[in-house]
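Number of protein chains: 2
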Amino acid sequence: MTDPLPGAFAERMRARLGERFITTKAVCDQHAGAGMHLPALPPQGVAMAANIDDIVAVVQACRDFGVPIIPYGAGTSLECHVGAARGGVSLDLTGMQRVLRVSPEDQDCTVEAGVTRVALNEHLRHTGLFFPVDPGADATLGGMASTRASGTTTLRYGGMRENVLGLTVVTPDGAIVRTARRARKSAAGYDLTHIFVGAEGTLGVIADVTLKLHGTPEAISAAVCPFPSAAAATSTVIEAIQSGLPLARAEYLDAAAVAAVNATFKTDHALADTVFFEFHGSPNEVAECSERCRAIAQENGGGDFKWAVAEEERSALWRARHHAGLAIAASRPGTLPWSTDVCVPISRLAECIVATKHDLKAAPFPAAVLGHIGDGNFHVVLMVDTASRAEIEAAERFNDALVARAIDMDGTCTGEHGIGLGKREALVAELGAGVGLMRSIKRALDPKGLMNPDKIFALEG
Amino acid sequence: MTDPLPGAFAERMRARLGERFITTKAVCDQHAGAGMHLPALPPQGVAMAANIDDIVAVVQACRDFGVPIIPYGAGTSLECHVGAARGGVSLDLTGMQRVLRVSPEDQDCTVEAGVTRVALNEHLRHTGLFFPVDPGADATLGGMASTRASGTTTLRYGGMRENVLGLTVVTPDGAIVRTARRARKSAAGYDLTHIFVGAEGTLGVIADVTLKLHGTPEAISAAVCPFPSAAAATSTVIEAIQSGLPLARAEYLDAAAVAAVNATFKTDHALADTVFFEFHGSPNEVAECSERCRAIAQENGGGDFKWAVAEEERSALWRARHHAGLAIAASRPGTLPWSTDVCVPISRLAECIVATKHDLKAAPFPAAVLGHIGDGNFHVVLMVDTASRAEIEAAERFNDALVARAIDMDGTCTGEHGIGLGKREALVAELGAGVGLMRSIKRALDPKGLMNPDKIFALEG
């Protein structure tokens, strides 16, 4: 796997890309997709695409020489999605940063795969529209589509599954395919868009993404509320949703996560099971929704709402939430965080979080629990000393138990992080014969097995 | 294609199903999927499944004998989806009518494929929840999933694409596969659910469907508003959506559709381009939303809102809308309606409707235009005298032009009716190389080509 690429292949790449084809160790190592619990798997070369024709050229060259190809965005995925498991070329799309089209009347846009969510929202700033999906990291929209990302606002606006209207894809044989036209809905044949959303680059390369946009809410307010227990926090959110309250965000942080946020961001939130809420709508709607939510919280023993209404206050709140993982990491210097996630039916969420926290009490490392409670999705961030074999093994056992419990509750082994290399066995436990269907589709669309090989499942399994 | 089924096959079916395997002409003709512009294609036998084990048995027998198999629900699809294009067995799922599970806390349920949307909502009546997708006909939920159905409330609640959480599918080799577990979201591998939603039974048989449910709105009100033009009606809805108004329904009817509704339902709506609105929410939200919508309508020259607030009034209104097609049919006795649909980006909708109505002026048959204007989706119901070759040819020319215009506007050849046999050429015009990907998936999952053959695309193409 560390053999150099064939000389004729490298020549062809250089003829096309010039200095945008790079084989230096430093750059290859930057594209190795390491996670704490997963190995670094550097490619043998990195191709920097500037446009869709570059993608086609790289894909065709890889096809002709049998070289694996790994699409690469911001590299913020967590399960070694972008590692070069069988060597090959990392196809870096971060140079494709054009917003190709915004249609305010249709509330949609088309962007190249390398545009990040923050860059898109900056671009949209004066249109009255925004793109809501926020996985935390400033990921590229191509990568977010490829991993079926979601985030804090998915409760209200949906994730990438709901917000990708269509894609332009380069298939493994170098053909350019648009998966859908721009109608809001269609009953025209197989849903090609959703075949590629979440395929983690194993079926083709996403070149551009057509996205639903949403109207910027007229009014927004946010509030922080401490609860006596994880169950009380969860019940509040379930009851609010069942009452039809259109919560925009409902983010749970356990006391450990709150402590880490307080330390890093100099805040003074009570060290308790806590929910960060956000409400979007007209001023009346926001007032009504937040008041009804507050009443439900109080019935569940929640404390006072600490409001954040001004934009700077809200931004600070969500910056703290989005960087909670880093804050938690900082709480045990010298370790790397291992962030895992599961998602269960919301009726099982409280039980799942309580059992998870029980397991963590026995763990030899500190950890924090936080997540998108309204979707039944939560993360556990483990602060494992990678020099300690005992800690790593305990972390693996913890993660296995977490996943098994989620599946046993009819949930999923990953709500938003994806499978990559890290959760392939969990996927089989979750979907059984369904993984066989996935293999059939993979073999049909990528018969040479060159597109991000070994991710999601092993072809031989 | 009209040869009898192999004797040994029929024996095996009778051994399994007894009298639920039927080969009489009358029953086969009932399963022939005729549409006005499409031929009746009766199967050679009908198998009435009572449970998933029956489905497996029928699929395995068909596989062993090379007999085509056509999944059949309510038979309300419009493009000959259920015709037996290559003979074989119609697998009738209407006997599978159990609601397997309702979870109010999770706002979801699982139903067998033969449960209809009306039966489901009747079952949910006392739960405070409802299932919103309403294609008009009382279709089965398996059929609605298979055709990626939508309807009047899709604007607010989404269609089947958004509301199917998972499926149990019997694959062409007789394996039972669950496409997803019951978490609200998942990043676990390929999106198997969406591969089967909209596949029109060409990849396997849907045995049960897990659906999102929604809280019954606290308050509902509806209103009818006449407009001076189709463009004024369209602009009103676009502006309301852009203002962030969460319209539950916004249904356009042209004057011909209104006239037919008036005649059939003894109503006295003004003969004009008209929108039927509905608003859902808390009493305050409904009041605010409807008032803001009324103001936008008036700015666009709309007339007074005629309100329907009481449940009986609203039911009558939507019954009239859902049966508008039949009302239109009744306007020219002795003919059958040909109902077609397209969907375009909403920015192009007014232009598309105006051009469509221009074409209709020159047509030798009466027709009406109506549709889900907030989604950019509309129907044209053509009242063609099937005894007149000239009328049929004019209708075909009209439909071809309608589809070409929608695709030219970056829309789709069908927003909700599907491809079946009727729009296969349109699909190629719309998605080009994408149809090749669909064929690859079909060959991978159904190598013998027995599942509802010839639908969506010809395999040989």
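Which chain is which? The protein sequence lines are A and B, in order.
Add 464 to the 1-based position in the first sequence for the numbering used here, that's all there is to it.
Add 464 to the 1-based position in the second sequence for the numbering used here, that's all there is to it.
Here a beta-carbon is modelled for each residue, glycine too, at the ideal position from N, C-alpha and C.
Per-residue burial, residue i [other beta carbons within 10 Å of its own, 16 or more giving buried]
i              : result
residue 630(A) : buried
residue 664(B) : buried
residue 411(A) : No answer is possible for residue 411(A): the residues shown for chain A start at 465 and end at 925.
residue 646(B) : buried
residue 599(B) : buried
residue 495(B) : buried
residue 633(B) : buried
residue 776(A) : exposed
residue 912(B) : exposed
residue 520(A) : buried
residue 923(B) : exposed
residue 822(B) : exposed
residue 475(B) : exposed
residue 872(A) : exposed
residue 576(A) : buried
residue 818(A) : exposed
residue 752(A) : buried
residue 490(B) : exposed
residue 801(B) : buried
For residue j and residue i, believed in contact at Cβ under 8 Å, the rounded distance
i              : j              : result
residue 928(A) : residue 620(A) : With chain A covering 465 to 925 only, the question about residue 928(A) has no answer from this structure.
residue 687(B) : residue 741(B) : 5 Å
residue 535(A) : residue 669(A) : 5 Å
residue 566(B) : residue 591(B) : 6 Å
residue 658(A) : residue 919(A) : That pair is no contact at about 18 Å.
residue 555(A) : residue 513(A) : 6 Å
residue 857(B) : residue 849(B) : 12 Å between Cβ atoms; not a contact.
residue 579(B) : residue 625(B) : That belief does not hold up - the Cβ atoms of residue 579(B) and residue 625(B) are roughly 19 Å apart, past 8 Å.
Residue i versus residue j: straight-line alpha-carbon distance, rounded
i              : j              : result
residue 467(A) : residue 542(A) : 26 Å
residue 880(A) : residue 894(A) : 15 Å
residue 842(B) : residue 761(B) : 20 Å
residue 569(B) : residue 706(A) : 7 Å
residue 787(A) : residue 820(A) : 22 Å
residue 560(B) : residue 748(A) : 46 Å
residue 865(B) : residue 900(A) : 42 Å
residue 793(A) : residue 690(A) : 23 Å
residue 469(A) : residue 539(A) : 22 Å
residue 876(B) : residue 884(B) : 15 Å
residue 465(A) : residue 477(A) : Any reading at residue 465(A) must be qualified, since the residue scores a pLDDT of 45, below 50, and its modelled position is unreliable; no value is offered.
residue 676(A) : residue 473(B) : 50 Å
residue 558(A) : residue 471(A) : 26 Å
residue 655(A) : residue 643(A) : 8 Å
residue 487(A) : residue 907(A) : 29 Å
residue 612(B) : residue 805(A) : 30 Å
residue 622(B) : residue 678(A) : 15 Å
residue 649(B) : residue 807(B) : 27 Å
residue 910(A) : residue 652(B) : 19 Å
residue 886(A) : residue 770(A) : 39 Å
Open item on the list: To be precise: take each residue of the stretch 560-571 of chain B, compare its Cβ to all Cβ atoms of chain A, and keep it if any distance is under 8 Å. Which residues remain?
Closed with: Across the stretch 560-571 of chain B, CB contacts with chain A closer than 8 Å involve 567, 568, 569, 570, 571, in sequence order along the chain.
Members of the stretch 638-656 of chain A that neighbour chain B once the beta carbon cut-off is set at 9 Å: Those would be 639, 640, 641, 642, 643, 644, 645, 646, 647, 648, 649, 650, 651, 652, 653, 654, 655, 656, in chain order.
**Runs of beta strand (DSSP E) wholly within the stretch 557-605 of chain B (minimum 3 residues, chain order)** = DSSP runs (the beta strand (DSSP E)) wholly in the stretch 557-605 of chain B: 563-567, 572-576.
- [ ] Report the residue ranges of all alpha helix (DSSP H) runs contained in full by the stretch 830-900 of chain A; include only those spanning at least 4 residues, in chain order.
- [x] Segments of the alpha helix (DSSP H) lying fully in the stretch 830-900 of chain A: 853-872, 888-895.
Where are the alpha helix (DSSP H) runs, 4 residues long or more, that stay fully inside the stretch 744-800 of chain B, in chain order? Correct list: 747-763, 775-786, 788-794.
Open item on the list: Taking beta-carbon pairs under 8 Å, can you tell me which members of the stretch 839-865 of chain B lie near chain A?
Closed with: Across the stretch 839-865 of chain B, CB contacts with chain A closer than 8 Å involve 839, 840, 841, in sequence order along the chain.
Review point. Taking Cβ-Cβ distances below 9 Å as the criterion, which residues of the stretch 801-823 of chain A are in contact with chain B?
Key: Near chain B, meaning a CB-to-CB distance below 9 Å, the residues of the stretch 801-823 of chain A are 805, 806, 807, 808, 809, 810, 811, 812.
**Asked** What residue ranges within the stretch 684-750 of chain A form continuous beta strand (DSSP E) runs of no fewer than 3 residues, ordered along the chain?
**Response** If we require 3 residues or more, the beta strand (DSSP E) runs fully inside the stretch 684-750 of chain A come out as 713-717, 737-745.
* To do: Could you please tell me which residues of the stretch 872-891 of chain A, in chain order, have their CB closer than 8 Å to any CB of chain B?
  => From the stretch 872-891 of chain A, only 874, 875, 876, 877, 878, 879, 880, 881, 882, 883, 887, 890, 891 have a Cβ closer than 8 Å to chain B.
**Message:** Report the start-end ranges of each alpha helix (DSSP H) in the stretch 641-677 of chain B that is 4 residues or longer and not cut off at the edges.
**Reply:** The DSSP assignment places complete alpha helix (DSSP H) segments of no fewer than 4 residues inside the stretch 641-677 of chain B at 656-660, in order along the chain.
Q) Using a Cβ cut-off of 7 Å, which residues of the stretch 901-920 of chain B contact any Cβ in chain A, in chain order? A) Only 901, 902, 904, 905, 907, 908, 909, 920 from the stretch 901-920 of chain B bring a Cβ to less than 7 Å from some Cβ of chain A.
Identify every run of the alpha helix (DSSP H) within the stretch 492-541 of chain B, keeping only runs that are complete inside it and at least 4 residues long; order them along the chain.
If we require 4 residues or more, the alpha helix (DSSP H) runs fully inside the stretch 492-541 of chain B come out as 516-529.
- When Cβ atoms are compared, which residues of the stretch 737-753 of chain A fall closer than 7 Å to chain B? Among the residues of the stretch 737-753 of chain A, those with a Cβ less than 7 Å away from any Cβ of chain B are 746, 748, 749, 752, in the order of the chain.
Q.
At a CB distance below 7 Å, what residues from the stretch 579-599 of chain B approach chain A? Give them in sequence order.
A. The residues in question: there are none.
Q.
Please identify, using Cβ separations under 8 Å, the residues of the stretch 673-702 of chain A that lie next to chain B, in order along the chain.
A. Those residues of the stretch 673-702 of chain A that come within reach of chain B (Cβ to Cβ, closer than 8 Å) are 679, 681, 682, 702.
Item to complete: Scan the stretch 757-768 of chain B for residues whose Cβ lies nearer than 9 Å to a Cβ of chain A and list them as they occur along the chain.
Response: Flagged: no residues at all.
Review point. What are the residues of the stretch 519-533 of chain B that lie near chain A, defined by any Cβ-Cβ distance shorter than 8 Å?
Key: Taking 8 Å as the Cβ-Cβ cut-off against chain A, none of the residues of the stretch 519-533 of chain B qualify.
The stretch 598-624 of chain A: positions lying closer than 7 Å to chain B by Cβ:
Contact annotation: in the stretch 598-624 of chain A, residues whose CB is within less than 7 Å of a CB in chain B are 611, 612, 614, 618, 623.
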